[in-house]
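**Q**
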Amino acid sequence: MKKKFIVSIICLLGLSISLGTTRNVSAVELNSDSYTPEDILTAQQEIQATLNKYSSEKGNVVIFDSLKFDVDQTKIVTKEELENEKQTVINSLKEQVDSTTVEVSKEEKSSGRIQTRDIAKDGSTYVAKVNCAIPAIGWGHINQDFSAKISSSKVNQLSLLGGSYKSGITLSAWTGIRSWTTISKNKKYIQVNMKGTLSYIFKGSNIDAVQTYLATGKTSGNSLVSAVYNEWPG
5 MKKKFIVSII CLLGLSISLG TTRNVSAVEL NSDSYTPEDI LTAQQEIQAT
55 LNKYSSEKGN VVIFDSLKFD VDQTKIVTKE ELENEKQTVI NSLKEQVDST
105 TVEVSKEEKS SGRIQTRDIA KDGSTYVAKV NCAIPAIGWG HINQDFSAKI
155 SSSKVNQLSL LGGSYKSGIT LSAWTGIRSW TTISKNKKYI QVNMKGTLSY
205 IFKGSNIDAV QTYLATGKTS GNSLVSAVYN EWPG
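The working numbering puts the sequence shown at residues 5 to 238.
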């Protein structure tokens with residue numbers, strides 16, 4: 005039996021745009037309290053390490069593979085402002101991790117990306133949703149279509165249908181890198197991974213974060229239902 009599935013990441017992504025004018029900074033202030041490229045690199049490493057540790061404590065639904073902290077030096081001038089911006093980024097992305105949940109549920113209709121010829125005659129359509137949010141700015145979806153062959157409550161095959169893609173209305177940007185699937189040894193669990201770069205805009209910086217989102221499902225009869233990361237058999 006061949007069934008069609010969709011993986012969706014529903015993202016509520018926050019965007020904070022500053023329209024203020026450029027500050028005039030004295031030479032004394034620049035010399036006494038300005039930051040260096042090494043300070044920016046250190047902040048970038050601290051952001052990534054903090055977020056991965058936090059996500060691990062929450063169940064590893066997202067991994068921050070790499071991260072670029074691009075500071076607007078007309079708005080972030082002093083070391084104190086750099087530290088404050090770093091904490092703003094960390095706190096905002098922690099909110100994303102906090103709001104990330106996984107759901108596998110039945111859909112009566114296929115996504116627009118799945119063509120009629122690809123739908124099995126008796127095929128139900130499912131959607132696995134990884135919901136992530138930074139409260140403050142528009143809705144969007146990151147999706148990955150895939151098909152599965154299930155028989156006797158075991159997944160025999162998973163096939164990706166194209167790459168991950170964004171839909172919905174959002175000012176953030178998603179660039180898919182690659183997607184892959186895994187079937188557990190007992191063939192009762194599946195994982196769908198979507199890796200890509202998600203870009204955020206903050207008051208005084210931009211963040212390009214290479215992230216991997218993980219959706220886990222398990223069989224229930226000849227269907228897939230939600231599962232959590234910790235259920236994955238060892």
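We treat Cβ as the ideally placed atom computed from N, Cα and C, and that holds for glycine.
In this text, all values refer to a predicted model and were calculated from it rather than measured experimentally.
(1) Applying the 10 Å Cβ sphere with the 16-neighbour rule, what's the burial state of valine 66?
(2) Under a three-way DSSP split, which group does aspartate 37 fall into?
(3) What residues match up with valine 66 in a beta bridge as DSSP calls it?
(4) Helix, strand or coil, according to DSSP, for valine 93 in the structure here?
(5) Could you give the distance in angstroms between the alpha-carbon of valine 232 and the alpha-carbon of lysine 83?
(6) What residues in its chain sit with their C-beta under 6 Å from that of aspartate 122, if we drop five residues either side in the sequence?
(7) Cutting at 6 Å between CB atoms, please list the residues of its own chain near lysine 72, excluding the five before and the five after it.
(8) Measuring only the C-alpha atoms, how far is serine 168 from threonine 186?
(9) Report the CB separation of glutamate 61 from phenylalanine 206 in whole angstroms; it is logged as a contact under 8 Å.
(10) Helix, strand or coil, according to DSSP, for leucine 45 in the structure here?
(11) Can you list, in chain order, the residues of its chain with a C-beta nearer than 6 Å to that of tryptophan 178? Leave out the 5 residues immediately preceding and following it.
(12) May I ask you to report which of helix, strand or coil DSSP gives alanine 177?
(13) On the three-state DSSP scale, how would you describe asparagine 226?
(14) Report the option in Thr46, Ser38, Leu86 and Ser103 whose CA atom is closest to the CA atom of tyrosine 58.
(15) By the DSSP assignment, the beta strand (DSSP E) with lysine 158 in it spans what residues?
(16) Can you tell me whether DSSP reads isoleucine 51 as helix, strand or coil?
(17) Any beta-carbon of chain D closer than 8 Å to the one on proline 41?
**A** Reading from the atomic positions:
(1) buried
(2) helix
(3) Tyr217
(4) helix
(5) 41 Å
(6) Unreliable positioning characterises aspartate 122 in this predicted model, as indicated by a pLDDT of 27, which lies under 50. A coordinate reading is not provided.
(7) Asp212
(8) 16 Å
(9) Between phenylalanine 206 and glutamate 61 the Cβ distance is about 24 Å, and since that is not below 8 Å, they are no contact.
(10) helix
(11) Ile146, Lys170, Gly200 and Leu202
(12) strand
(13) coil
(14) Ser103
(15) 158-164
(16) helix
(17) No chain D appears in this structure, which consists of one protein chain only.
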